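Asks: Residue numbers (the numbering used here): 52 to 502.
To start, I am sharing the structure in question, which I have written as structure tokens.
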């Protein structure tokens, strides 16, 4: 795309949204865009993701932003503006009064750039969303951003994931949470923090009254880190979504989180995928699910949960009245565990989505789940992908579908269902009155899918 064409775009009188991602426009074209932004009075969204824009181009765009009064969303992700480019943009942010969302993801702005962004946040009064993921920001940069958050009163969403913030940087962010009253979504995944760092974050959560979503996936929190967060949950009254995926949390950590959830009345979603909770760790969560009245979504995929753990969960589901989504992907649940879960489906009246993909329920387990589905009146989605289910298991599920009137999605991909099993399912669908979507990795002439 020529620079002249780009200049033409920003002069169009009715244009409000312009997507130019992955066009390799570089600094020269960015200059034309910057010039256009000075006078444009209609454009509200500009996407310049992945365009090889450096600090020179960032300066030209910044000059345009100083005068522009309509642009609200600017995506500069995956360019190469660096610390110098961040300085130029930050200067513009101190004057701009309309931009509400800015993505600087993957720009190598480093600690120097983070300082300039932090300076801008202390003065800017319109920006609500800022993405600084993947920017080689360390603990020094985190301090600058954290200091700014103590004074900023408009930012609601901040992404700092995939940086090198570490435990020291986490302390600065935790300190900011004590005073900030507007930030609601904070992304801190993969920032190399351990139990020490999360303790400071947890201390901030005890006093924070605004944050609703906290993402801490792919760190190294361990059981001690889980203990700090569990303690914080007993006092925090605003957090609704907590993501702790891939954090080396074991059964001891699960116990601490369970203790926190017993007293917490606001958390609605908890992601513990890719930890090592095991059957022992499920027991305290079982106790929580029997009494907790706020948690609606629980992800426990890839946690080495076997039949014993599934039994605990099944028992809890009989009494739980709030959980709507339960993810158990990639565990070691066999037909015994499937029996416990199937039995719970007879009594549970709130669960709508159950993920059992990549387990080993087999034909016998499919029979038990089918028996549960006959009496269940709430489940709408059941994922049984990769479970060694053959034609016999497909028959049991097909028989259940003749009676069940609520299931709308059934995942059966990567099983061992052949033509015979497909015929059972196809015949059942002709009697079933609901929309049913089946995902099969085989070609089945006998299977009719109604959408």
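Every residue gets a Cβ at the ideal spot worked out from N, C-alpha and C, and that includes glycine.
Since this is a predicted model, take the numbers as computed values, not measurements.
(1) Are the beta-carbon atoms belonging to residue 121 and residue 151 less than 8 Å from one another?
(2) Would you mind listing the alpha helix (DSSP H) stretches within the region 100–172 that are 4+ residues and don't spill past its ends, in chain order?
(3) To which residues of the same chain is residue 201 closer than 6 Å at the C-beta, ignoring the five residues directly before and after it?
(4) Specify whether the region 184–195 and the region 247–266 touch according to this definition: at least 3 beta carbon pairs, one from each stretch, less than 8 Å apart.
(5) Residue 421 to residue 262, Cα distance in whole Å?
(6) Let me check understanding here. Comparing Cα to Cα, which of 293, 165, 427 and 306 lies closest to residue 266?
(7) Using alpha carbons as the reference points, say which of 432, 417, 480 and 79 lies closest to residue 103.
(8) Evaluate residue 153 with the Cβ neighbour count: other Cβ atoms within 10 Å of its Cβ, from every protein chain shown; 16 or more gives buried, anything less gives exposed.
(9) Going by CA-CA distance only, name the one from 304, 83, 183 and 88 that's closest to residue 130.
(10) Taking only runs that begin and end inside the region 283–349, name each unbroken alpha helix (DSSP H) of 4 or more residues, in chain order.
(11) For residue 193, which three-state DSSP category applies?
(12) Taking a contact to mean a Cβ-Cβ separation below 8 Å, would you say residue 290 touches residue 272 in this structure?
(13) Locate the alpha helix (DSSP H) running through residue 361, then write down its first and last residues.
(14) What is the DSSP secondary structure of residue 205, counted as helix, strand or coil?
(15) When you compare the CB positions of residue 243 and residue 278, do they come within less than 8 Å of one another, or not?
(16) Out of 436, 380, 256 and 411, which one is the CA nearest neighbour of residue 224?
(17) When the Cα atoms are used, what is the spatial distance from residue 357 to residue 409?
(18) On the CB-based measure, 16 or more other CB atoms within 10 Å of its CB, does residue 73 come out buried or exposed?
Replies: Answer, in terms of the structure:
(1) No, these two residues do not count as a Cβ contact at 8 Å.
(2) Fully enclosed alpha helix (DSSP H) runs of 4 or longer: 106–118, 133–144 and 161–172.
(3) Here the set comprises 227 and 230.
(4) Here the region 184–195 makes no contact with the region 247–266; the two share fewer than three CB pairs at distances below 8 Å.
(5) Rounded to the nearest angstrom, the two C-alpha atoms are 41 Å apart.
(6) Of the candidates 293, 165, 427 and 306, 293 places its Cα closest to the Cα of residue 266.
(7) When only C-alpha atoms are compared, the closest one is 79.
(8) Under the 10 Å beta carbon count, residue 153 is surrounded by 16 or more other beta carbons and is classified as buried.
(9) Of the listed residues, the one whose Cα sits closest to residue 130 is 183.
(10) Restricted to the region 283–349, the alpha helix (DSSP H) segments that are unbroken, complete and at least 4 residues in length are 302–314 and 329–342, listed in chain order.
(11) Three-state DSSP puts residue 193 in a helix.
(12) Taking 8 Å as the Cβ cut-off, residue 290 and residue 272 do not qualify as a contacting pair.
(13) Per DSSP, the unbroken alpha helix (DSSP H) holding residue 361 starts and ends at 358–370.
(14) In the structure shown, residue 205 sits in coil (DSSP, three-state: anything other than H, G, I, E or B).
(15) The answer is no: Cβ separation not under 8 Å.
(16) Closest by alpha carbon: 256.
(17) Distance from the CA atom of residue 357 to the CA atom of residue 409, rounded to whole angstroms, is 12 Å.
(18) Residue 73 is classed as exposed because its beta carbon has fewer than 16 other beta carbons within 10 Å across all chains shown.
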